[in-house]
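Which chain is which? The protein sequence lines are A and B, in order.
First residue of the first sequence? That's 27 in this note's numbering, and the numbers climb one at a time after it.
First residue of the second sequence? That's 4 in this note's numbering, and the numbers climb one at a time after it.
Glycine included, C-beta positions come from ideal geometry on N, C-alpha and C.
In this text the structure is predicted, and so the values were computed from the model without any measurement.
A short write-up of the structure that comes next.
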Amino acid sequence: MTSFFSWKIARALGIVLTVTFLTQGLLGLVPGSIAAAILGPQATAAQVNALNAKLGTDRPFLVRYFSWLWNALHGNLGSSAVNGQSVVSAIRSALPVTAELVILSVLLALVLSLVTGTVAARKPGGKLDSAIGAVTSASLSLPPFIVAPVLAYIFAVQLGWVPVLGYVSLTSSIGGNLQSVALPVIAIGLPEFAVLQRLLRADLAATLGEDYIDAARGRGVPEGRILARHALRPSLISLMTATGITIGRLISGTVVVEVFFSLPGIGSLLVRSILARDLIMVQGCVVMIALAYVLINLVVDLAYSLVDPRIRIQAVA
Amino acid sequence: MTPETAAAYQHESAIEAEPFAGPALESFAAVRRRFDVLLWLSVAWLALITLASAFASFLPLASPNDVAGPINVPMFHDFGNSLILGTDSFGRSLLSRSIYGARTSLVIGVSAATAGCIVGGIIGLLAGYVRGATDRVASFIIDSVLAFPALVVLLALTAILQPQLSTIVLGLSLLSMPAFARLERGAALTYAERPFVIAARSYGTSRLRTAFAHVLPNSVVTMVTYLPTIIAALIVAEGSLSFLGLGVPPPTVTWGGMILDGEPNLASAPNQVLVPAAFIFVTVFALNVLGERVRGRLDRRGRG
Numbered sequence: 027m028t029s030f031f032s033w034k035i036a037r038a039l040g041i042v043l044t045v046t047f048l049t050q051g052l053l054g055l056v057p058g059s060i061a062a063a064i065l066g067p068q069a070t071a072a073q074v075n076a077l078n079a080k081l082g083t084d085r086p087f088l089v090r091y092f093s094w095l096w097n098a099l100h101g102n103l104g105s106s107a108v109n110g111q112s113v114v115s116a117i118r119s120a121l122p123v124t125a126e127l128v129i130l131s132v133l134l135a136l137v138l139s140l141v142t143g144t145v146a147a148r149k150p151g152g153k154l155d156s157a158i159g160a161v162t163s164a165s166l167s168l169p170p171f172i173v174a175p176v177l178a179y180i181f182a183v184q185l186g187w188v189p190v191l192g193y194v195s196l197t198s199s200i201g202g203n204l205q206s207v208a209l210p211v212i213a214i215g216l217p218e219f220a221v222l223q224r225l226l227r228a229d230l231a232a233t234l235g236e237d238y239i240d241a242a243r244g245r246g247v248p249e250g251r252i253l254a255r256h257a258l259r260p261s262l263i264s265l266m267t268a269t270g271i272t273i274g275r276l277i278s279g280t281v282v283v284e285v286f287f288s289l290p291g292i293g294s295l296l297v298r299s300i301l302a303r304d305l306i307m308v309q310g311c312v313v314m315i316a317l318a319y320v321l322i323n324l325v326v327d328l329a330y331s332l333v334d335p336r337i338r339i340q341a342v343a
Numbered sequence: 004m005t006p007e008t009a010a011a012y013q014h015e016s017a018i019e020a021e022p023f024a025g026p027a028l029e030s031f032a033a034v035r036r037r038f039d040v041l042l043w044l045s046v047a048w049l050a051l052i053t054l055a056s057a058f059a060s061f062l063p064l065a066s067p068n069d070v071a072g073p074i075n076v077p078m079f080h081d082f083g084n085s086l087i088l089g090t091d092s093f094g095r096s097l098l099s100r101s102i103y104g105a106r107t108s109l110v111i112g113v114s115a116a117t118a119g120c121i122v123g124g125i126i127g128l129l130a131g132y133v134r135g136a137t138d139r140v141a142s143f144i145i146d147s148v149l150a151f152p153a154l155v156v157l158l159a160l161t162a163i164l165q166p167q168l169s170t171i172v173l174g175l176s177l178l179s180m181p182a183f184a185r186l187e188r189g190a191a192l193t194y195a196e197r198p199f200v201i202a203a204r205s206y207g208t209s210r211l212r213t214a215f216a217h218v219l220p221n222s223v224v225t226m227v228t229y230l231p232t233i234i235a236a237l238i239v240a241e242g243s244l245s246f247l248g249l250g251v252p253p254p255t256v257t258w259g260g261m262i263l264d265g266e267p268n269l270a271s272a273p274n275q276v277l278v279p280a281a282f283i284f285v286t287v288f289a290l291n292v293l294g295e296r297v298r299g300r301l302d303r304r305g306r307g
């Protein structure tokens with residue numbers, strides 16, 4: 027058991043290190059030098075050399091990587107070459123926005139999929155199941171960059187229920203904050219809802235055919251209780267892993283949605299830095315996202331194996 | 004055993020290994036009997052959009068980057084000069100731009116998926132058939148890449164290499180590779196132990212030849228059934244990039260770029276966003292339906 031956990035943690039650390047190494051390697055692929063890319067074509071050779079010396083990009087690759095890693099481990103990801111802002115402080119102010127979006131859209135997707143999944147699995151092939159199935163299979167083909175403008179047109183422009191753009195922070199007004207993130211959360215959560223719902227429905231429909239369900243029915247357990255207690259419980263485990271996996275796509279979704287609704291999260295920061303060719307900030311954002319992503323998956327993995335010991339045994343064997 | 008009998012044995016055992024069981028046969032026949040409207044609509048749309056975008060220059064369309072009429076024409080307002088879907092804020096025809104945008108999306112999606120399928124397939128085949136250290140290294144890389152948000156990788160790539168058609172095709176094929184590799188590895192693993200593969204090895208076929216001549220032709224089906232779905236995912240990824248202004252730059256028309264251009268006029272001229280959005284949705288939906296149905300029919304292992 028300890029070996030299983032340490033193996034998982036070692037693996038996660040390995041992935042994070044690989045990502046940081048690859049990101050540093052990618053920066054090495056920039057045509058010319060990083061300083062030239064930051065300063066643009068007008069810069070003189072002297073300016074480029076000066077900035078390269080300041081950033082330390084004139085040193086050999088491995089030296090650069092390990093000094094970056096050493097600083098990163100001490101909580102210093104460098105500072106923006108464009109406006110001098112510290113990468114860590116920029117990320118720290120952007121992180122809560124993205125975290126809120128991710129948490130709320132996962133919650134939305136989970137609640138919606140639990141309700142509709144249970145309803146649909148009750149009568150597989152029935153009218154309700156087919157109707158929900160049609161909605162989910164359409165949602166799978168609706169990426170956030172399509173849903174976001176359509177939602178904005180309907181709810182912000184036509185109905186005027188929520189503001190189109192702008193972000194109200196949670197600390198200044200809870201109601202205002204929820205209004206400003208409502209459409210983004212729906213846009214991000216919709217495709218994830220579809221994925222989770224289909225998984226849960228298939229899982230539940232299979233579980234409902236098991237003998238112990240028939241046994242419970244034979245004992246006269248009410249149908250609702252069978253669904254909620256006997257059938258749903260084993261399916262929750264696979265739902266949990268699937269939720270961990272969908273967070274990867276969720277992070278991609280937040281990038282697009284943050285940019286569309288001008289929310290000041292990590293995604294906007296990343297895109298803004300890319301457009302400004304602020305490569306040090308880009309590197310910081312990518313590493314942060316990788317770290318968050320690997321951590322979430324690690325937690326899901328470990329929690330999953332605590333719930334179902336069979337996973338642990340298989341993984342070690 | 005002569006090659007001929009080996010081939011016959013291979014054919015026979017392939018059938019024997021996967022007999023059509025009662026229920027499978029029934030559902031297979033049931034699918035055949037029922038005319039699948041959604042599937043045929045999807046195929047019709049994909050054929051239409053492919054042909055229209057391939058032969059766009061021969062269609063009576065305004066050039067996608069030329070002023071074709073007044074600016075901000077709403078939908079179904081003017082039927083002449085291909086203005087039926089309206090115009091954007093430069094007076095360019097939305098119909099014509101959508102069709103040329105389809106060309107960009109389809110070329111990128113299909114070429115990146117094909118490249119990913121070939122390279123990923125070879126990696127997966129070797130990992131699944133050769134096993135051992137090759138498999139462990141390949142699997143670690145596949146898992147690591149799959150464990151990372153795809154759009155972020157693409158964004159990092161475009162930050163470093165300037166966004167242009169070749170960069171984006173390269174980035175997307177790199178992203179689709181691990182998915183194909185994993186599919187092919189799984190399929191190769193199951194075929195590696197089949198009697199016809201062992202028979203081929205036993206009469207002296209080299210490992211490499213066995214992998215490519217006996218395992219690959221059988222296991223390639225799994226990857227092919229996932230092609231439409233992966234093309235759909237790549238079209239969405241390309242659309243996201245263009246929407247963020249990091250896709251193929253103008254004058255090349257992209258659907259994501261059209262949504263980006265139309266977004267400021269959302270209140271006054273919603274068709275500038277809704278038309279390209281509808282084109283993306285219908286195309287991606289059709290590809291997803293096609294992928295799902297093809298998997299249901301060909302991949303007898305069931306849905307992946």
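Per DSSP, reduced to three states, the secondary structure at Ser99 of chain B is helical. When DSSP reads this structure, Ser112 of chain A sits in a beta bridge with A:Ser105. Boundaries of the alpha helix (DSSP H) around Glu187 of chain B: Leu168 to Ala195. Close to Phe47 of chain A, with beta-carbon spacing below 7 Å, lies no residue of chain B; the smallest spacing is near 11 Å. Residue contact with chain B for Val207 of chain A: absent (no Cβ-Cβ distance below 8 Å to any residue of chain B). Below the 8 Å Cβ cutoff, chain B contributes no neighbours of Ile212 of chain A, its closest Cβ being approximately 15 Å away. At a Cβ-Cβ threshold of 8 Å, Val188 of chain A and Leu216 of chain A do not count as neighbours.
Relative to the Cα of Ile239 of chain A, the nearest Cα in the group A:Leu253, A:Glu126, A:Ile212 and A:Ala164 belongs to A:Leu253.
When the Cα atoms are used, Asn203 of chain A and Ile212 of chain A turn out to be separated by approximately 14 Å. Residue-level contact check: Gly299 of chain B does not touch chain A, since none of the beta carbons of chain A fall below 8 Å from its beta carbon. For Phe288 of chain B, the uninterrupted alpha helix (DSSP H) segment begins and ends at Asn274 to Leu301.
Under the three-state reduction of DSSP, Thr257 of chain B is assigned to coil, being neither helix nor strand. The beta-carbon of Phe79 of chain B is placed no less than 8 Å from the nearest beta-carbon of chain A. Contact check for Val108 of chain A against Asp229 of chain A fails: the beta carbons are separated by 8 Å or more.
When beta bridges are read from the DSSP output, Thr208 of chain B appears opposite no residue.
Considering only beta carbons, the part of the stretch 278-294 of chain A lying closer than 7 Å to chain B consists of Ser278, Val281, Val282 and Val285, in chain order.
Leaving aside the five residues that flank Ile74 of chain B on each side, the residues in its chain whose CB is nearer than 8 Å to its CB run, in chain order, Thr90, Asp91, Ser92, Phe93 and Gly94.
Not a single C-beta of chain A is nearer than 8 Å to the C-beta of Ile233 of chain B. Three or more pairs of CB atoms, one per stretch, sit closer than 8 Å, so the stretch 288-295 of chain B contacts the stretch 42-58 of chain B. Burial state of Leu51 of chain B is exposed, judged by a 10 Å Cβ sphere holding fewer than 16 other Cβ atoms. Excluding the 5 residues flanking it on each side, Ser142 of chain B has same chain C-beta neighbours closer than 7 Å at Ala130, in chain order.
With a cut-off of 8 Å on Cβ pairs, the stretch 121-136 of chain B is not in contact with the stretch 96-105 of chain B, counting fewer than three such pairs. Annotation: the continuous alpha helix (DSSP H) that includes Trp48 of chain B extends over Val40 to Ala57.
Measuring C-alpha to C-alpha distances from Ser261 of chain A to each of A:Arg224, A:Ile273 and A:Ser106 identifies A:Arg224 as the nearest. For Ile129 of chain A, not one C-beta of chain B is nearer than 8 Å to its own C-beta. About 21 Å separates the Cβ atoms of Val172 of chain B and Ile262 of chain B, ruling out a contact at the 8 Å cut-off. Apart from the 5 residues on each side of it in sequence, Val194 of chain A sits with its Cβ closer than 6 Å to the Cβ of Gly202, Asn203 and Ser206 in its chain, given in chain order. Contact between the stretch 263-273 of chain B and the stretch 176-184 of chain A is present: three or more C-beta pairs spanning the two stretches fall below 8 Å. For the C-beta of Thr161 of chain B, the chain A residues within less than 9 Å are, from N- to C-terminus, Ile300. For Val183 of chain A, at least one C-beta of chain B is nearer than 8 Å to its own C-beta.
Any Cβ of chain A closer than 8 Å to the Cβ of Phe61 of chain B would place that residue at the interface, and such an atom is absent. Here Val297 of chain B has Thr228 and Pro231 as same chain residues with Cβ atoms under 7 Å from its own Cβ, once five neighbours each way along the sequence are excluded. When the five nearest sequence neighbours on each side are left out, the beta carbons in the same chain lying within less than 8 Å of the beta carbon of Val132 of chain A are those of Gly215, Glu218, Thr269, Thr272, Ile273 and Leu276, in order along the chain. With distances taken between CA atoms, Thr117 of chain B lies nearest to B:Phe183 out of B:Phe183, B:Met78 and B:Ala162.
Inter-residue distance for Gly104 of chain A and Leu54 of chain B is about 51 Å (C-alpha atoms, whole angstroms).
The alpha-carbon separation between Ser299 of chain A and Val76 of chain B amounts to approximately 35 Å.
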